[in-house]
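Note sheet for the following structure.
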Amino acid sequence: MAVSGMFLQLPTSAAEAQIAPAGAGVPASIHAGVHPVALTAQAHHTGQVARAEQAPIEDAQGSALRSLLTVAQPPAKQAPWWAPIASGVVPGAGQFVLKQQRSAAYAVAEAYLLIQYLGSRRDGNRERDNYRQLAADVARRQFGGSLPVGPWKYYETMESYLESGVYNRTPGQALTPEMDETTYNGNRWRLARDTYWRDPNVEPARSSAEYQRAIEFYEQNAIHDAYRWSWRDARLEQDTYREVIDNANRSYQRGVNYAGVLVANHLASLIDAYVSVRLRRFGGAGLGGVQIQKMETRYEPLGDPLLGQGQWRAGLQLGRAPR
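Numbering (the numbering used here), first residue to last: 135 to 457.
So this is what it looks like as structure tokens:
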């Protein structure tokens, strides 16, 4: 029995199967998800088994058909290589480029931490000026002079000693150290004698090496007359002075803490952006059949919020690497 050419359309389900006569053209109902195959069947009256072969598709219809059958690939996510660098400079910038919502969290954290850091430094500088002025007005003014500003160690020493003592008990002559050991200079001279003299209570010859080494130590560590102070008859003011110094120390320490968290925020944003770029461009960093699929970071305050103490937590989501 001879069978004329047939066009067989195979849709995605058997319920939609239909047979159309050859030459009728490609049905207009072809849509995404349908996979037609053109077949021709020939049968000879000799009873030979029918042989199926793929029929050519005309150029015009074939082009349209192939365009309909092409599976649209999703566009690759943009992942600029410089995004981690941007995050390292300005936290959240890399995440913004990568269109990640957590970019706002990094930016807000950076702004808050920067404001707190600058505020802490401002408070510390103000308290520093206050204790310097208090020392000058109460403990140093009575000795006259230009009252030069000393280093931090000098003002710290003023907390512990009531008086500095004189630098030279015989002005205009050879250096004669302070002997009152309750004063700072007297204490330094006692330490020099204990360190370099065989007997701290027996003065060796002034030309001897041990005496000269002790004098050299005293010259390097004693308070000179330009920085002389005394809190005598001003103990209440000295207590206030200690409080102001403590306030300044706390402000500066808070600034150091905020500076550390600022650095951590930059690093966290940089690492986060690097992992995101790695995932988008290369599918994650794989090791031993496992790859990073997701990374999350967050900041958690610790202790007194006024001290700016906190910690960053990072989480990684791992998965099996494709083979």
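Built from N, CA and C at the ideal position, the CB exists for glycine as well.
Residue burial classification, Asp367 (beta-carbon count within 10 angstroms, cutoff 16):
As a working mapping, residue 367 is identified with position 233 in the sequence shown. Label assigned to Asp367: exposed.
C-alpha gap between Pro208 and Leu248, whole angstroms:
To locate residue 208, count along the sequence shown from 1; it is residue 74. To locate residue 248, count along the sequence shown from 1; it is residue 114. Low per-residue confidence applies at Pro208: pLDDT is 43, beneath 50, and the placement is therefore not dependable enough to give any value.
Buried or exposed: where does Asp263 fall if 16 or more other Cβ atoms within 10 Å of its Cβ makes it buried?
As a first step, residue 263 is located in the sequence shown; it is residue number 129 there, counting from the start. Flag for Asp263 reads exposed.
How far does the alpha helix (DSSP H) with Ala290 in it extend, from its first residue to its last?
Position 156 of the sequence shown, counting from 1, holds the residue named residue 290. First, the amino acid is wrong: residue 290 is Glu here, not Ala. 286–294 is the extent of the alpha helix (DSSP H) around Glu290.
Within the same chain, show all residues whose beta-carbon is closer than 8 Å to that of Arg274, passing over the 5 residues directly before and after it, in chain order.
Numbered from 1 along the sequence shown, position 140 holds the residue referred to as residue 274. So the qualifying residues of the chain are Leu281, Tyr361, Arg362, Trp363.
Among Gln250, Tyr265, Tyr251, the one whose alpha carbon lies nearest that of Arg376:
Taking the sequence shown and counting its residues from 1, one reaches residue 376 at position 242. Among Gln250, Tyr265, Tyr251, the Cα nearest to that of Arg376 belongs to Tyr265.
Would you list the one or two residues that DSSP bridges to Glu297?
Taking the first residue of the sequence shown as 1, we reach residue 297 at position 163. In the DSSP output, where bridge partners are listed per residue, Glu297 has Ser364.
Span separating the alpha-carbon of Thr304 from that of Phe277
To locate residue 304, count along the sequence shown from 1; it is residue 170. To locate residue 277, count along the sequence shown from 1; it is residue 143. Their backbone Cα atoms lie some 17 Å apart in a straight line.
Assigned secondary structure, Arg303 (DSSP; H/G/I helix, E/B strand, else coil):
Counting from one through the sequence shown, the residue named residue 303 turns up at place 169. Under the three-state reduction of DSSP output, Arg303 falls in the coil class, being neither helix nor strand.
Any idea if Leu370 is buried or exposed, counting beta-carbon neighbours within 10 angstroms, 16 or more meaning buried?
On the sequence shown, position 236 is the one that residue 370 refers to. So Leu370 ends up on the exposed side.
Is the CB-CB distance between Ser410 and Pro225 below 8 Å?
Within the sequence shown, the letter at position 276 stands for residue 410. Within the sequence shown, the letter at position 91 stands for residue 225. No, these two residues do not count as a Cβ contact at 8 Å.
Classify Val129 as buried or exposed, calling it buried when 16 or more other Cβ atoms lie within 10 Å of its own Cβ.
The structure shown has nothing for residue 129, since the chain only spans 135 to 457.
Helix, strand or coil for Val223 per DSSP?
Taking the first residue of the sequence shown as position 1, residue 223 is located at position 89. Helix at Val223.
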